[in-house]
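Protein chains in written order, with our numbering: chain A, 3 to 207; chain B, 3 to 207; chain C, 3 to 207; chain D, 3 to 207.
Every residue, glycine too, gets a C-beta built ideally from N, C-alpha and C.
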DNA sequence: ACATAACCGAGACGGTACGTCAGGTCTTGAC
DNA sequence: GTCAAGACCTGACGTACCGTCTCGGTTATGT
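In structure tokens form, the structure reads like this:
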């Protein structure tokens, strides 16, 4: 949850009209609808306002930028889709995770959202931190899997877990963003197997 | 070279005033200057026009978008910086390449350019193809190194060269874009060594 | 009053920031100033925006074109200068009116405005109607004078009032636009007298 | 004839390629075609160049502005349509002339041209003189008719011939430009008769 | 016959202004 | 205190034509 997520937290409230949860829902729904229909690049705050029937000033009150708005609109769905497998086998855990990761290809509007959010993180420094925080929560899952593997002796004790985590997410984002090759949930297992071969043996020279 | 790059190619010239190479140079210089001073996100076509003294309409005549303009402004410098090592050793070749790749960290405005171009590729479909083409030229270098390694028997014959190439570039871009960890030219050798351990042996299960 | 003239009319207002009368005044003043200093032909929406300190989009919100803007800027002053004499004598009424009409020659920027508006009416069909409406309000004054003359028996009952009105305004505009002869407020009486001689007697053959 | 009209006059010519009459004709034809199809306001030098297949620079060599171009494109046709009646009767002469004048209503593109030229005369001082000169040639015809009438004693010796001429042309242009009433060739006779009633008798007061 | 000179096409160039879009802020009155 | 409405300033967009300026190439002379 990034901002304005929960209408019943923050300051101690001293009186006055309460935040309209209807307005919040309308905004998030309109955002998802526009994301699906026109893509991230064509979403505008003005468009969301018009579509949702919520005033622009109200939207700005709760979300500082388009990127934060999309992030929240996405977050629940994405959160639900982030498995934290712990089967006792690194290979199995990673395969489950990577398959699920690549399965985003089946939800075009989520791909759109990921690509657009990554774009905005480059263009608006304010948002970069928010995206980084969100990315870290996902990295943590993989790092945990790998650490458990090291502890259990499945993986080389010298393994750089952070870099290994990048080897899981890096190619995913790279393909997602460049589009030179499709994401293949079905091949995740084979790719993980190849990677693990390297993680098991100490690096040569 | 992306567009309007070479004033002396394309159509056979049947008449008409010749393209001003001075104007071209002024525009590219102004673009690089603005990139360095203010960052990709603050570059505007209008700003480039003002800075370069070249009319906006002339800029639009040769470059359809900011992203294509930056890409060309970058391309020569980057091209010069893209080594194509062929030492006879995959490990050595890849280490040279990856070190150089990560060395972009020493040139902040080039990092800015790479990040901005990747962002625009997400937001403007017209540009995505151009970026993809450019990316392919860089992938080709790594693919060639790996293919030579397979031929020479240094690497497993079953190696998926395209995916292996993604394992070189993916983490690079991922770190560049997310910023969760720094790029480390000095560690490139160790990371490559770890990767190659996996490429040498057939995948396990 | 042509458009956006009165900030307190139109829709019943259900909310929203109220129109800034300061902005409106600044725009109209800037328009008149530019008209006087540089002439109608050199007025631009951008120039008015710069001069007035009001945003271009705000100007476009209230006036669709330069011509409508000038028309409104002029209208109050002109309205004040449009007498509706009713002395009981057609000759006297018309002489008063025609003298005043030709007196525009003493206000060069108003001449400029009239000429420019007539020009734009030719070039932009959207504006032609607006100008025609405005012209009709002025014609109505003369038509009324003539009609009263017919009723009183001062003028021939067969007189075509509309055409007679054109005989008042036609030469005025013709001289104003072509510039082959000056406008002469002092000669208006003599010209009217000549005209009336024809209006009193039925047409010959 | 305004400019570049006759390809065989001006400087004594000592050699060099001769002006292409084909190019001249193409330009004039294209101008008339665009005038008819899209109206004066949408004619552009660039459009004429594209339509005619003649280079923009060639057009500018021979015609300094759109207005001069249209004037020449029109001039031959209009010249042919300008009668100089001399029947011995002022009423008859003027009726012939005025009927023909109003007959322009049957040729929409000529109306367009007249309206557009008058507009440009307001906006571009350089052109105002050219239009005025052309207008004078037409006024001269009417003035001559009236002067003959005065000499023959048909009209009052005190008649201001110039103003009387304005009474013929003024209402014509006024209606043409404002569009509040149609031009009526068939009513020209009646209107002239009414006017002449005033011209015959000395002005009253 | 051949140099001279003016013409012509093509099209790039520096400009100016256009009219539009979206951003983000502010003001108002209703709830 | 929040909300819908909507006016406001700001900045940049991408386009259209303007009138000028090279270019390369084409014709008529006139010596």
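Under the three-state reduction of DSSP, residue 89 (chain B) is assigned to coil, being neither helix nor strand.
Exclusion of the five residues before and after residue 111 (chain B) leaves 37 and 38 as the residues of its chain whose Cβ lies within less than 6 Å of its Cβ. Listed in chain order, the positions of the segment 173-203 of chain C with a beta carbon within less than 9 Å of a beta carbon of chain D are 173, 174, 175, 176, 177, 179, 180, 181, 182, 183, 189, 191, 192, 193, 194, 195, 196, 197, 198, 199, 200, 201, 202 and 203.
Of the residues D:140, D:84, D:107 and D:99, the one whose Cα lies closest to the Cα of residue 181 (chain D) is D:107. In the DSSP annotation of this structure, residue 184 (chain B) is not part of any alpha helix (DSSP H), being labelled neither H nor E. In the three-state reduction of the DSSP assignment, residue 56 (chain A) falls in the coil class, being assigned neither a helical nor a strand state. Per DSSP, the continuous alpha helix (DSSP H) segment holding residue 33 (chain A) begins and ends at 23-40.
Within the same chain, and ignoring the five residues on either side of residue 173 (chain B) in sequence, no residue has its Cβ closer than 6 Å to its Cβ.
Here residue 175 (chain D) is near residue 176 (chain C), since their CB atoms are less than 8 Å apart. By the neighbour-count criterion, in which 16 or more other beta carbons inside 10 Å mark a residue as buried, residue 138 (chain D) falls on the exposed side. The alpha carbon of residue 198 (chain A) has as its nearest neighbour, out of A:66, A:184, A:186 and A:151, the alpha carbon of A:151.
Taking a C-beta cut-off of 7 Å against chain A, none of the residues of the segment 64-76 of chain B qualify.
The straight-line gap separating the alpha-carbon atoms of residue 87 (chain A) and residue 98 (chain A) is approximately 7 Å. DSSP places residue 202 (chain B) in the uninterrupted alpha helix (DSSP H) bounded by 190-202. Inclusion of residue 146 (chain D) and residue 201 (chain D) in the CB contact set at 8 Å is not warranted, their separation being larger than that value. DSSP places residue 157 (chain B) outside any alpha helix (DSSP H), giving it a letter other than H or E. With its beta carbon less than 8 Å from one in chain C, residue 171 (chain D) belongs to the interface. In the same chain as residue 49 (chain B), and ignoring 5 residues on each side of it, the C-beta atoms closer than 7 Å to its own belong to 36, in chain order.
Excluding residues up to 5 positions away in sequence, 84 lie with their Cβ nearer than 7 Å to the Cβ of residue 140 (chain A) in the same chain.
For residue 32 (chain A), the CB contacts under 7 Å within the same chain, skipping 5 residues up- and downstream, are 50, 53 and 54 in chain order. By the beta-carbon neighbour count (other beta carbons within 10 angstroms, threshold 16), residue 58 (chain B) is exposed. Rounded to the nearest angstrom, the gap between the Cα atoms of residue 131 (chain B) and residue 103 (chain A) is 24 Å. Note on residue 154 (chain B): under 16 other CB atoms within 10 angstroms of its CB, so exposed under the neighbour-count rule. Apart from the 5 residues on each side of it in sequence, residue 25 (chain B) sits with its Cβ closer than 7 Å to the Cβ of 56 and 60 in its chain, given in chain order. Residue 67 (chain A) sits close to residue 128 (chain A), with the two beta carbons spaced by under 8 Å.
Closest option to residue 168 (chain D), judged by alpha-carbon separation, among C:162, C:161, C:178 and C:188: C:178. Taking all protein chains in view, the Cβ of residue 135 (chain A) is surrounded by fewer than 16 other Cβ atoms within 10 Å, so the residue is classified as exposed.
For the pair residue 195 (chain C) and residue 100 (chain C), the CB atoms are not nearer than the 8 Å cut-off.
Contact between residue 121 (chain B) and residue 125 (chain A) holds: CB atoms are separated by about 5 Å, below the 8 Å threshold. Within the same chain, and ignoring the five residues on either side of residue 73 (chain A) in sequence, the residues whose Cβ sits closer than 7 Å to its Cβ are 4, 119, 132 and 136. DSSP, read as helix, strand or coil, puts residue 98 (chain B) in helix. With a threshold of 8 Å between beta carbons, residue 105 (chain B) makes no contact with chain A. By the criterion of a C-beta distance shorter than 7 Å, residue 157 (chain D) is surrounded in its chain by 92, 148, 151, 201 and 202, once the five residues flanking it on both sides are discounted. DSSP places residue 119 (chain B) in the uninterrupted alpha helix (DSSP H) bounded by 110-125. Interface with chain C (8 Å Cβ-Cβ cutoff): residue 120 (chain D) is included. Closer than 7 Å at the C-beta level to chain B, one finds these residues of the segment 143-168 of chain A: 164, 165 and 168.
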